[in-house]
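Trainee: Numbering-wise (our numbering), the sequence shown opens with residue 131 and increments by one.
Glycine residues also receive a C-beta, built at the ideal position from the N, C-alpha and C atoms.
Source: prediction; values computed, not measured.
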Amino acid sequence: MAGHRPQGREETRDALVRAADALFAEKGPNAVTVREIAARAEVNHGLVHRHFGSKEALLDAVLDRHMAAFKTALRSAGTIDEAIPVLQAVQQDRPGFARMMAFLILERRATEDFTRPAGGTADLADIIRSGGPADDDAARAAAAMVTAFSLGWTLFRDFTVTAAGCRQSPGDMNRMAMAALLALARPPAEPQGPEQRPEQGLEGGPEV
Numbered sequence: 131m132a133g134h135r136p137q138g139r140e141e142t143r144d145a146l147v148r149a150a151d152a153l154f155a156e157k158g159p160n161a162v163t164v165r166e167i168a169a170r171a172e173v174n175h176g177l178v179h180r181h182f183g184s185k186e187a188l189l190d191a192v193l194d195r196h197m198a199a200f201k202t203a204l205r206s207a208g209t210i211d212e213a214i215p216v217l218q219a220v221q222q223d224r225p226g227f228a229r230m231m232a233f234l235i236l237e238r239r240a241t242e243d244f245t246r247p248a249g250g251t252a253d254l255a256d257i258i259r260s261g262g263p264a265d266d267d268a269a270r271a272a273a274a275m276v277t278a279f280s281l282g283w284t285l286f287r288d289f290t291v292t293a294a295g296c297r298q299s300p301g302d303m304n305r306m307a308m309a310a311l312l313a314l315a316r317p318p319a320e321p322q323g324p325e326q327r328p329e330q331g332l333e334g335g336p337e338v
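(1) Which of the three DSSP states, helix, strand or coil, is assigned to Thr251?
(2) With H, G and I counted as helix, E and B as strand and the rest as coil, what does DSSP make of Gln221?
(3) Give me the Cα-Cα distance between Leu146 and Val164, rounded to the nearest whole angstrom.
(4) Which same chain residues end up closer than 6 Å to Thr251 when comparing Cβ atoms and leaving out the 5 residues on each side of it in sequence?
(5) Smallest Cα separation from Arg270: which of Arg259, Pro159, Val216?
(6) Using a beta-carbon distance below 8 Å, is Ala240 in contact with chain C?
(7) With DSSP as the reference, label Asp265 as helix, strand or coil.
(8) Tell me whether Arg316 sits in a helix, a strand or coil according to DSSP, three-state version.
(9) Would you check if there are 3 or more beta carbon pairs closer than 8 Å linking the segment 208-226 to the segment 300-314?
(10) Would the segment 156-170 count as touching the segment 202-213 if we require 3 or more Cβ pairs under 8 Å?
(11) Decide if the segment 142-158 is in contact with the segment 186-202; the criterion is three or more beta carbon pairs, one per stretch, under 8 Å apart.
(12) Compare the Cα-Cα distances from Asp194 to each of Phe227, Ile214, Glu141 and report the closest residue.
(13) To the nearest angstrom, report how far apart Asp253 and His134 are at their CA atoms.
(14) Distance, Cα to Cα, Asp243 vs Met231?
(15) Buried or exposed: where does Ile257 fall if 16 or more other Cβ atoms within 10 Å of its Cβ makes it buried?
(16) Is Pro317 near Ala255, with beta carbons less than 8 Å apart?
(17) Would you call Leu236 buried or exposed, if buried means 16 or more other Cβ atoms sit within 10 Å of its Cβ?
(18) On a CA-only basis, which of Val162, Ala198, Val291, Arg143 is nearest Pro247? Give me that one, please.
Dropping the structure here:
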């Protein structure tokens with residue numbers, strides 16, 4: 131049975147973004163047509179071009195909506211201990227996001243075409259940097275690894291848990307994943323150079 135047909139500019143745009151989001155996660159952006167998106171949104175397909183110009187612009191709107199959700203959630207986290215659960219919660223609320231990102235990579239799109247340099251991963255790096263001894267490069271590297279692990283856990287959790295024959299409950303496995311993410315988010319301080327040998331007595335002392 132047909133649902134409520136969107137009315138007005140904002141309602142139509144929102145319906146198109148939601149429809150595209152669902153379809154991109156189900157089939158991958160390359161396999162989705164403008165007509166499919168319009169049919170899912172219950173609007174005329176010409177409205178996709180009127181409101182967005184192209185399917186690629188609609189993809190950008192979908193990605194921007196996800197990034198805005200991650201950024202808004204992470205702004206509420208003052209420490210890395212708060213940020214990791216927030217990150218996991220947002221990903222669990224948006225299971226299609228990880229699938230869509232996987233499709234974009236498998237479609238061999240240029241990374242620059244769908245990444246957002248000022249997105250949630252950058253915010254996570256800021257939180258890591260502000261909470262410990264990590265310098266800028268170490269904080270960004272930690273944020274990249276946390277994001278990769280978190281997306282991978284979202285995508286492959288059921289497969290890997292089954293393949294490994296894990297007997298822990300799903301809740302226990304998720305808690306273990308959370309602990310691993312927290313460990314990744316705490317990069318070690320930069321090494322201070324070779325370890326200095328302690329001063330020794332005259333016998334066997336340092337050469338002069």
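Mentor: Let's see:
(1) helix
(2) helix
(3) 10 Å
(4) Ala273, Thr277
(5) Arg259
(6) Within the model displayed, chain C is absent; a lone protein chain is all it includes.
(7) coil
(8) coil
(9) yes
(10) no
(11) yes
(12) Phe227
(13) 37 Å
(14) 12 Å
(15) buried
(16) no
(17) exposed
(18) Ala198
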